[in-house]
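In what follows, a single structure is set out as structure tokens and then discussed.
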Amino acid sequence: MNATESFIKTSKPVVVSTAPLVQLRDVHLAFGATDVLRGIDVEVHRGQAVSIIGPSGSGKSTILRCITGLLRPQRGDIRVGDTAVHTLRGEVELIALRRRVGFVFQQYNLFPHLTVLQNLVIAPTRVAGRSKTEAEQDARSLLEKVKLAHRADAYPGELSGGQQQRVAIARALAMRPQLILFDEVTSALDPETVGDVLTVIRELVREGMTCVLVTHEMRFAEEVSDHVYFTEAGRIVEHGPPAELFNRPRHERTRSFLQRTLGTAAAALRVPASSF
Ligand SMILES: Nc1ncnc2c1ncn2[C@@H]1O[C@H](COP(=O)(O)OP(=O)(O)OP(=O)(O)O)[C@@H](O)[C@H]1O
Ligand SMILES: [Mg+2]
467 MNATESFIKT SKPVVVSTAP LVQLRDVHLA FGATDVLRGI DVEVHRGQAV
517 SIIGPSGSGK STILRCITGL LRPQRGDIRV GDTAVHTLRG EVELIALRRR
567 VGFVFQQYNL FPHLTVLQNL VIAPTRVAGR SKTEAEQDAR SLLEKVKLAH
617 RADAYPGELS GGQQQRVAIA RALAMRPQLI LFDEVTSALD PETVGDVLTV
667 IRELVREGMT CVLVTHEMRF AEEVSDHVYF TEAGRIVEHG PPAELFNRPR
717 HERTRSFLQR TLGTAAAALR VPASSF
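Sequential numbering of the sequence shown, starting at 467, is according to the working numbering.
So, in structure tokens, the structure goes:
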């Protein structure tokens, strides 16, 4: 870690609090006869960045969907602040929860017929009841934050994938959420636009926004996370600070997954001998 990185890590305003902002306890979820989550325990404290890594189909997106109440587990507790998510019924309660929890997906799902600015203003005015002036002011400062102030009047179709994803992040922030969930937000992007999106997330983490990241970008997860969970087949195999999980994994499953994913990434970066 160089001096700048060490400054970034230590300068983050982490709020120490005993109760976690998000807590999943013994969460079980099945689709029909298929067990997808088989006893998940996860904690996220205010101001923390927590990553969930693991093979495809291991349940990572399902965990995020449970946190927003999009899926209801058959067993277990899910809490976001004082809200017992597993007991919520009815759209009104769920909408109130989703105002507090931002969710950014691989597919940005912007409204194609609205400009970038309008995409950011619509939910704060219609759902949160903010005035148009206030919502527009917020939207413009968020666009500055994601380095897209100059594209406020563009339509999503006129932007690159990476730019659309940054608009999607700004749109989630426009609701002033307590935490944001990111589900593979760079997987559908061209490699050259991935960096700009990661920079935006890195900034949010540094400012102390509580973030849960499902990602295949292992090096990024290692760099920005306070804590990392490794999932396999609906279970948490192990979790810990990134320096431990990435450098000294305790379980063979974690070790072989990391070798496979980081090995592939390293191989992709290697310059073929024929190019010399
Ligand atoms: N609506 C659904 N109906 C039935 N099975 C589902 C549904 N959603 C997910 N699954 C199954 O649940 C398992 C976990 O899916 P999930 O999307 O959580 O995995 P993941 O870890 O996010 O994978 P990936 O890295 O590919 O995104 C998979 O086997 C998937 O096929
Ligand atoms: Mg997924």
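Glycine included, C-beta positions come from ideal geometry on N, C-alpha and C.
Backbone CA spacing between residue i and residue j [nearest angstrom]
i      : j      : result
Asp692 : Arg566 : 21 Å
His717 : Thr676 : 28 Å
Val516 : Val633 : 22 Å
Ala499 : Leu530 : 21 Å
Glu602 : Leu583 : 7 Å
Thr470 : Asp501 : Per-residue confidence for Thr470 stands at a pLDDT of 41, beneath the threshold of 50, marking its modelled position as unreliable; no derived number is given.
Met467 : Lys598 : Only weak support exists for where Met467 lies, its pLDDT of 42 falling under 50; the value from the coordinates is given anyway. One C-alpha to the other measures close to 44 Å.
Gln540 : Ala496 : 7 Å
Ser472 : Asp662 : Residue confidence for Ser472 is low, a pLDDT of 42 falling below 50, so the modelled location carries little weight; the figure read from the coordinates is stated next. The alpha-carbon atoms of Ser472 and Asp662 are separated by roughly 21 Å.
Thr553 : Leu536 : 12 Å
Val666 : Phe569 : 15 Å
Where residue i sits in the DSSP three-state scheme
i      : result
Arg701 : strand
Leu679 : strand
Thr500 : strand
Arg592 : helix
Arg720 : As written in the sequence, residue 720 is Thr, which differs from the Arg given in the question. Here Thr720 sits in helix by DSSP.
Ser522 : coil
Val567 : strand
Val651 : coil
Phe577 : coil
Val663 : helix
Gly706 : strand
Leu645 : strand
Asp619 : coil
Gly627 : helix
Residues bridged to residue i [DSSP beta-bridge criterion]
i      : result
Val510 : Val488
Arg545 : Gln489 and Ala550
Ala515 : Cys677
His693 : Val516
Leu495 : Leu503
Nearest-angstrom beta carbon gap, residue j and residue i [assumed within contact, 8 Å]
i      : j      : result
Arg617 : Leu608 : Not a contact, Cβ separation roughly 12 Å.
Gly542 : His494 : 6 Å
Ala699 : Ser527 : The Cβ separation is near 14 Å, so there is no contact.
Ala638 : Ile646 : 6 Å
Asp604 : Pro590 : 7 Å
Glu683 : Thr652 : 6 Å
Glu413 : Phe696 : Outside the displayed range of the chain (467 to 742) lies residue 413, so it cannot be described from this structure.
Gln489 : Arg545 : 5 Å
Any chain C beta carbon closer than 8 Å to residue i
i      : result
Ser691 : This model lacks chain C altogether, as it is built from one protein chain only.
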